[in-house]
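Q: Just so we're aligned, residue 1 is where the sequence shown starts under full-length UniProt numbering, counting upward by one.
Dumping the structure here so I can ask a few things about it.
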Amino acid sequence: MHSETDFPATHTVFNQAEPLADRNLLAGNRALQSALAFHAPGMDTSTLHSLGGQMGSRAMQTHARLANTHPPVLHSHDRLGRRLDQVEFHPSYHALMDAAAQAGLHGSPWDPAAGEGAHLRRAAAFMLFTEAEPSILCPISMTYAVLPALRGNSAIFEAWAPGLMARAYDPEFKLYRHKRGLTMGMGMTEKQGGSDVRANTTQAIPDGEDAWGPRFKLLGHKWFFSAPMCDAFLVLAQSPAGLSCFFVPRILPDFVDPQSPGSVNAIRIQRLKDKLGNHANASSEVEFQHATAWLVGVEGRGVPQILEMGTMTRLDCALGTTGLMRQALSIALHHTSQRQAFGKALIEQPLMRNVLADLAIECEAACALSMRLASAFDHASDPHELLMGRLLTPVAKYWICKRGATFAQEAMECLGGNGYVEEGGEGTMARIYREMPLNSIWEGAGNIMALDLLRALRKGDTAAALARELAPARGAHPALDRLAASLPTRVELMATEMEARRLAQEVALAVQAALLYQTAPTAVFEAFCDSRLAGNWGYSFGTLGAAVDFDAILQRAMPY
1 MHSETDFPAT HTVFNQAEPL ADRNLLAGNR ALQSALAFHA PGMDTSTLHS
51 LGGQMGSRAM QTHARLANTH PPVLHSHDRL GRRLDQVEFH PSYHALMDAA
101 AQAGLHGSPW DPAAGEGAHL RRAAAFMLFT EAEPSILCPI SMTYAVLPAL
151 RGNSAIFEAW APGLMARAYD PEFKLYRHKR GLTMGMGMTE KQGGSDVRAN
201 TTQAIPDGED AWGPRFKLLG HKWFFSAPMC DAFLVLAQSP AGLSCFFVPR
251 ILPDFVDPQS PGSVNAIRIQ RLKDKLGNHA NASSEVEFQH ATAWLVGVEG
301 RGVPQILEMG TMTRLDCALG TTGLMRQALS IALHHTSQRQ AFGKALIEQP
351 LMRNVLADLA IECEAACALS MRLASAFDHA SDPHELLMGR LLTPVAKYWI
401 CKRGATFAQE AMECLGGNGY VEEGGEGTMA RIYREMPLNS IWEGAGNIMA
451 LDLLRALRKG DTAAALAREL APARGAHPAL DRLAASLPTR VELMATEMEA
501 RRLAQEVALA VQAALLYQTA PTAVFEAFCD SRLAGNWGYS FGTLGAAVDF
551 DAILQRAMPY
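Written out as structure tokens, the structure reads:
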């Protein structure tokens with residue numbers, strides 16, 4: 001007889017990186033710290049540091065894993081055959097939603113008591129939260145975007161705004177005035193139209209008027225209806241005056257039918273989408289079977305309202321992609337610092353240093369542009385800021401989100417096979433990779449953003465505004481000077497649709513470079529300009545020139 005000790009061990013585990021956990025996401029993010037200091041030098045960031053610690057904790061990583069491993073489940077009927085139209089979530093989803101609401105990521109910037117820099121602060125928090133788990137932020141982002149539009153119906157705004165701005169999450173399926181906190185969604189996309197919302201066929205049939213104003217019955221469908229367990233939705237439908245915006249609650253107010261208080265509105269969830277990523281979030285297809293709705297804003301003016309809301313959600317697309325970039329970069333830096341190959345750490349290998357530094361530059365540039373856009377929202381009364389907000393929204397959404405998927409693939413490759421597996425720890429990289437394409441598609445894919453840029457060019461003197469934006473970096477780098485000199489003319493001439501993507505890219509790169517000159521170390525700024533602007537850019541990450549100060553760039557990017 002032999003015991004186990006009589007035989008040698010098959011292997012001993014060594015040279016594997018430990019999972020990156022229990023760290024403060026803000027303390028290690030020098031690019032975000034610099035952006036905050038630049039745009040709001042007097043801001044008290046203590047609450048952001050607290051959130052950074054919470055989102056970097058092992059406990060939140062566990063919640064993120066569980067919320068995605070156990071996706072939402074639709075219960076269309078109860079066991080007796082009665083309609084339910086409810087979605088059940090894992091407890092970790094609710095824990096994450098509660099954390100996001102307490103951090104004020106949804107309605108807090110619209111609170112009159114929020115103070116200066118509310119949108120910038122919220123943007124930083126949104127970015128930090130995304131590093132932990134992005135997909136539950138869909139209803140959070142929609143609530144942020146929808147809330148100001150509700151001012152188009154003062155009665156509904158007065159009734160719902162306090163709950164939408166409350167730093168509380170209440171998952172109970174009950175009447176809005178009995179809940180501690182509220183969330184809202186949007187319903188725009190239909191099967192036949194996609195981004196062309198003017199092709200929508202859902203009908204809004206007039207149904208009198210009551211305490212909340214003109215009332216309608218909706219008959220139709222929505223092909224993408226994310227977060228169907230929100231308390232209410234803003235929905236586009238064709239009214240007699242044209243495409244209009246409507247408020248559609250899940251549970252009807254008592255005055256609609258006093259005999260049946262708490263009646264469920266006729267929103268029928270047909271099925272949940274089976275998506276590539278974004279697994280913790282429920283995206284659905286619904287039908288409206290004469291669902292009760294109220295007009296918000298001017299009848300027939302639904303598209304302009306949607307465009308205003310899209311500005312907010314598109315900001316979140318840029319912020320969310322930047323947060324995912326930062327988490328992917330942090331994991332790659334952490335892994336390569338511990339993993340040995342050919343006698344030294346991976347991060348000491350020249351080619352790996354080049355890849356990591358290139359990723360770090362891209363991530364910092366994305367952070368700079370995202371936070372610049374958020375800052376514009378805080379100063380919308382300033383004509384220049386208003387114009388830059390309109391110009392940079394499609395630019396940031398287009399460029400940052402386009403770079404996200406390529407960025408995630410390269411960061412995953414830094415981990416080799418360990419990056420491709422789904423299980424815990426480093427498995428986060430696989431989830432990031434599956435999540436990245438979403439922000440480029442959601443709220444308008446690349447072509448829609450390029451067209452929106454062309455529309456933005458017609459709003460005021462955008463050429464002068466762009467020149468003013470780039471002026472602080474004049475003379476800092478010859479390649480930036482050449483690009484900055486050419487852009488105003490191209491903007492004034494308004495590029496054709498065939499050229500719109502190229503213009504969006506070049507505006508993004510020029511503004512990123514100007515911001516890096518003002519917020520980042522010289523090593524980062526010069527490497528960005530030399531690679532992205534001077535005609536020396538390779539076709540993949542890791543093609544920086546040998547003269548780059550790799551030590552300075554990598555040290556700045558380290559997550560601790």
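Backbone N, C-alpha and C define an ideal beta-carbon position, used for all residues, glycine too.
For clarity, every value in this text was computed on a predicted model and none was experimentally measured.
1) Considering only their Cβ atoms, is the gap separating I267 from K174 smaller than 8 angstroms?
2) Which residues share a DSSP beta bridge with H221?
3) Give the C-beta separation of G181 and A199 to the nearest angstrom, bearing in mind that I take them to be a contact with Cβ-Cβ under 8 angstroms.
4) Quick one: what's S244 bridged to in DSSP?
5) Can you give me the C-alpha to C-alpha distance between E526 and G545, rounded to a whole angstrom?
6) In three-state terms, what does DSSP make of H77?
7) Which partner residues does T321 have in the DSSP bridge list?
8) If you count every other CB in all the chains shown that lies within 10 Å of the CB of A37, and 16 or more means buried, which is it?
9) Residue 582 by DSSP, collapsed to three states: which one?
10) Assign H477 to buried or exposed, taking buried as 16 or more other Cβ atoms, counted over all protein chains shown, within 10 Å of its Cβ.
11) By DSSP's criteria, P214 is part of a beta bridge. Which residues make up the other side?
12) Give me the Cα-Cα distance between Q512 and T406, rounded to the nearest whole angstrom.
13) Which of the three DSSP states, helix, strand or coil, is assigned to M55?
14) Identify every run of the alpha helix (DSSP H) within the region 92 to 163, keeping only runs that are complete inside it and at least 4 residues long; order them along the chain.
15) Compare the Cα-Cα distances from W223 to each of I553, A514, E287 and report the closest residue.
16) Have a look at Q338 and T62 and give me their C-alpha separation to the nearest angstrom.
17) Taking only the alpha-carbon atoms, compute the straight-line gap between residue 616 and G107 and give it to the nearest angstrom.
18) Would you say A237 and Q203 are within 8 angstroms of each other, going by their C-beta atoms?
19) What does the Cβ neighbour count give for K459, buried or exposed, with the cut at 16 atoms within 10 Å?
20) Which residue comes first and which comes last in the alpha helix (DSSP H) that contains I553?
21) Which residue's Cα is closest to the Cα of residue 603: H334, E308, K402?
22) On the DSSP bridge list, what partners appear for A204?
23) Using the C-alpha atoms, what's the distance from W212 back to A155?
24) Which residue or residues does DSSP assign as beta-bridge partners of E88?
25) For the structure I just gave you, are there three or more beta carbon pairs, one from the region 241 to 250 and one from the region 93 to 111, closer than 8 angstroms?
26) Among the candidates N24, A113, A280, whose CA atom is the shortest distance from the CA of V73?
27) Using only the alpha-carbon positions, how far apart do P148 and D316 sit?
28) Less than 8 angstroms between the C-beta atoms of A332 and L356, yes or no?
29) Below 8 angstroms on the Cβ atoms is my guess for W32 versus C367; work out the distance and round it to an integer in Å.
30) Is DSSP giving V421 helix, strand or coil here?
31) Output needed for I136: all residues of its chain with C-beta closer than 8 angstroms, excluding positions within five of it in sequence on either side, in chain order.
32) In chain order, which alpha helix (DSSP H) runs of at least 4 residues are fully inside the region 400 to 485?
33) Give me the residue from H11, D22, N29 with the minimum Cα distance to P559.
34) List the whole-angstrom C-beta distance separating T311 from T393, where the pair is believed to meet the contact cut-off of C-beta under 8 angstroms.
35) According to DSSP, is G187 part of a helix, a strand, or is it coil?
36) Three or more C-beta pairs closer than 8 angstroms, one from the region 501 to 520 and one from the region 481 to 492: is that the case here?
A: So, to answer that:
1) no
2) E287
3) Incorrect: roughly 35 angstroms between the Cβ atoms, too far for contact.
4) A237
5) 11 angstroms
6) strand
7) The partner list for T321 (beta bridge, DSSP) is empty, contrary to what the question assumes.
8) exposed
9) Residue 582 is absent from the model: the chain starts at 1 and stops at 560.
10) buried
11) E209
12) 18 angstroms
13) helix
14) 118 to 132, 137 to 146
15) E287
16) 23 angstroms
17) This structure does not reach residue 616, given that the chain is present from 1 up to 560, and the question cannot be answered.
18) yes
19) exposed
20) 550 to 557
21) Only positions 1 to 560 of the chain appear in this structure, which leaves residue 603 out of reach.
22) L218
23) 5 angstroms
24) V73
25) no
26) A280
27) 16 angstroms
28) yes
29) Sequence inspection shows Leu at residue 32; the Trp mentioned does not correspond to that position. Between C367 and L32 the Cβ distance is about 6 angstroms, and since that is below 8 angstroms, they are a contact.
30) coil
31) A67, Y93, L96, M97, A100, A280, N281
32) 428 to 441, 446 to 456, 462 to 470
33) N29
34) 5 angstroms
35) strand
36) yes
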